[in-house]
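J.:
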């Protein structure tokens, strides 16, 4: 992803060449759709949300101040939009208590049961209170880059770290009650 | 649960690939957006005199209400007034308070209000 290409495309769009926005869409469609998918867990809805985000970015291009990278601005705008959208129509998540019990988290070949456990852990993340869920999702979406994730949420890094810590604590407690923790702990030497 | 285990599970979350027509669909929406004329701005220049007159009228009514209440004895309950009574009282109070100056100002405001109303409605037809 080239910051120079982003900047050139933005300048062209602002100069009246709307077709230059196509370059921005093609470069960022994957990350933005995946970000939306992490919020809503629905592929079709993720594409609708991502399209709204690009349209909002197109309208607001002139407000991008060059102090931050274009990607930072785009992710912050998209995150804000996705959060608003999810508040309006919440994603259909299954409460952790309604998930089936894991009978055995260790398969002989480490196969399907690991997948089941991972699925339970991810569902537990989606069952967290919104502010903790968002912090955890963005932390992993931005590949554990705290400053980038905090900027996307528009909160100070300290606040973000506190939410991340608290979210993990809640998650750990919930998973221990579901019997997932034992399997995970045994993996650590 | 250890942090490493959680990191590993959440970092390995599946990636989805946008559908083939996604970029085209976004660009269609962008072109529609570009072709849409900008929204009509609110006519502040026309509305401001009306707002100003409204504020003056409200202030006059409050002033009239204050003038009507002040001579009454503190023990008596304040009587209820209708709008025409308040307007008439405002005229009387204005004359009592500052004489002809207030009356002239009220008259000017009335004339200005009528003038702007006629101008606003006339320009639409």
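Residue numbers (the numbering used here), protein chains in the order written: chain Z, 832 to 1020; chain G, 753 to 877.
Glycine residues also receive a C-beta, built at the ideal position from the N, C-alpha and C atoms.
1) Of the choices Z:862, Z:965, Z:901, whose alpha-carbon is the least far from that of residue 835 of chain Z?
2) Would a check of beta-carbon distances place residue 770 of chain G closer than 8 Å to chain Z?
3) Along the segment 948-965 of chain Z, what residues have a CB closer than 9 Å to any CB found in chain G?
4) Using a C-beta to C-beta distance shorter than 8 Å, which residues of chain G count as neighbours of residue 911 of chain Z?
5) Is there at least one Cβ from chain Z nearer than 8 Å to residue 792 of chain G's Cβ?
6) At the level of alpha carbons, what is the spacing between residue 849 of chain Z and residue 869 of chain G?
7) Hey, out of Z:967, Z:998, Z:997, whose CA is closest to residue 762 of chain G's CA?
8) Starting from the beta carbon of residue 856 of chain Z, find every residue of chain G whose beta carbon is closer than 7 Å, and list them in chain order.
9) Indicate whether at least one CB of chain G lies closer than 8 Å to the CB of residue 853 of chain Z.
10) Given this structure, state the Cα-to-Cα distance separating residue 1001 of chain Z from residue 995 of chain Z, to the nearest angstrom.
11) Would DSSP call residue 866 of chain G helix, strand or coil?
12) Buried or exposed, going by whether 16 or more other CB atoms sit within 10 Å of the CB of residue 910 of chain Z?
13) Quick one: what does DSSP say residue 855 of chain Z is sitting in, helix, strand or coil?
14) Along the segment 857-880 of chain Z, where does the CB come closer than 8 Å to a CB of chain G? Name the residues.
15) DSSP three-state label for residue 991 of chain Z, please.
16) Whose C-beta lies closer than 8 Å to the C-beta of residue 838 of chain Z among residues of the same chain, with five residues either side of it excluded?
17) DSSP three-state label for residue 862 of chain Z, please.
18) What do you get for residue 778 of chain G, buried or exposed, if any count of 16 or more other CB atoms within 10 angstroms of its CB means buried?
19) I believe residue 879 of chain G touches residue 840 of chain G by the beta-carbon criterion, under 8 Å. Please report the beta-carbon distance rounded to the nearest angstrom.
20) Compare the C-beta of residue 838 of chain Z with all C-beta atoms of chain G and state if any pair is closer than 8 Å.
21) Using a Cβ-Cβ distance under 8 Å, would residue 837 of chain G count as near chain Z?
22) Report buried or exposed for residue 812 of chain G, applying the criterion of at least 16 other Cβ atoms within 10 angstroms of its Cβ.
23) Applying the 10 Å Cβ sphere with the 16-neighbour rule, what's the burial state of residue 885 of chain Z?
24) Report the three-state DSSP secondary structure of residue 985 of chain Z (helix, strand or coil).
25) Whose Cβ in chain G lies nearer than 8 Å to the Cβ of residue 886 of chain Z?
26) Please report the straight-line C-alpha distance between residue 943 of chain Z and residue 981 of chain Z, rounded to a whole angstrom.
27) Taking the alpha carbon of residue 789 of chain G as the reference point, which residue from Z:956, Z:867, Z:890 has its own alpha carbon closest?
28) Run through DSSP, which three-state label would residue 895 of chain Z get?
29) Kindly list, in the order they appear in chain Z, the residues whose Cβ is closer than 8 Å to that of residue 797 of chain G.
30) Against residue 848 of chain Z, what residues of chain G qualify as contacts under a CB-to-CB distance less than 8 Å, listed in chain order?
T.: In brief:
1) Among Z:862, Z:965, Z:901, the Cα nearest to that of residue 835 of chain Z is on Z:901.
2) At least one C-beta of chain Z is nearer than 8 Å to the C-beta of residue 770 of chain G.
3) Cβ contacts with chain G come from 948, 949, 952, 953, 956.
4) Residues of chain G whose Cβ lies closer than 8 Å to the Cβ of residue 911 of chain Z do not exist; the shortest such Cβ separation is about 18 Å.
5) Taking a beta-carbon distance threshold of 8 Å, residue 792 of chain G does not count as an interface residue toward chain Z.
6) As the crow flies, the alpha-carbon of residue 849 of chain Z is around 43 Å from that of residue 869 of chain G.
7) The residue among Z:967, Z:998, Z:997 with its C-alpha nearest the C-alpha of residue 762 of chain G is Z:967.
8) Within chain G, the residues near residue 856 of chain Z are 775, 778, 779.
9) For residue 853 of chain Z, the answer is yes, since a Cβ of chain G falls inside 8 Å of its Cβ.
10) About 10 Å.
11) Looking at residue 866 of chain G - three-state DSSP - the assignment turns out to be helix.
12) That one is buried.
13) Three-state result, residue 855 of chain Z: helix.
14) Cβ contacts with chain G come from 857, 860, 861, 864, 865, 868, 869, 874, 877, 878.
15) In the three-state reduction of the DSSP assignment, residue 991 of chain Z falls in the helix class, which pools H, G and I.
16) Cβ neighbours of residue 838 of chain Z beyond the five flanking positions: 897, 901.
17) If DSSP states are grouped into helix, strand and coil, residue 862 of chain Z belongs with the helices.
18) Under a 10 Å Cβ-count criterion, residue 778 of chain G is classified as buried, with 16 or more other Cβ atoms of the shown protein chains found around its own Cβ.
19) Given that chain G is displayed from residue 753 to residue 877, the structure contains no residue 879 of chain G and the question cannot be resolved.
20) By this cut-off, residue 838 of chain Z is not an interface position.
21) Proximity of residue 837 of chain G to chain Z, defined by a Cβ-Cβ separation below 8 Å, is not satisfied.
22) With 16 or more neighbouring CB atoms inside 10 Å of its own CB, residue 812 of chain G falls in the buried class.
23) It is buried - the Cβ of residue 885 of chain Z has at least 16 other Cβ atoms within 10 Å.
24) Residue 985 of chain Z falls in the coil class under three-state DSSP.
25) Near residue 886 of chain Z (Cβ distances below 8 Å), the residues of chain G are 778, 781, 782, 785.
26) The predicted position of residue 943 of chain Z is uncertain, since its pLDDT is 46 and thus under 50; no value can be drawn from it.
27) Checking every option, the nearest Cα to that of residue 789 of chain G belongs to Z:890.
28) Residue 895 of chain Z falls in the coil class under three-state DSSP.
29) By Cβ distance, chain Z contributes nothing, its closest Cβ being about 25 Å from residue 797 of chain G, past 8 Å.
30) Within chain G, no residue has its CB atom less than 8 Å from the CB of residue 848 of chain Z, the nearest being about 10 Å off.
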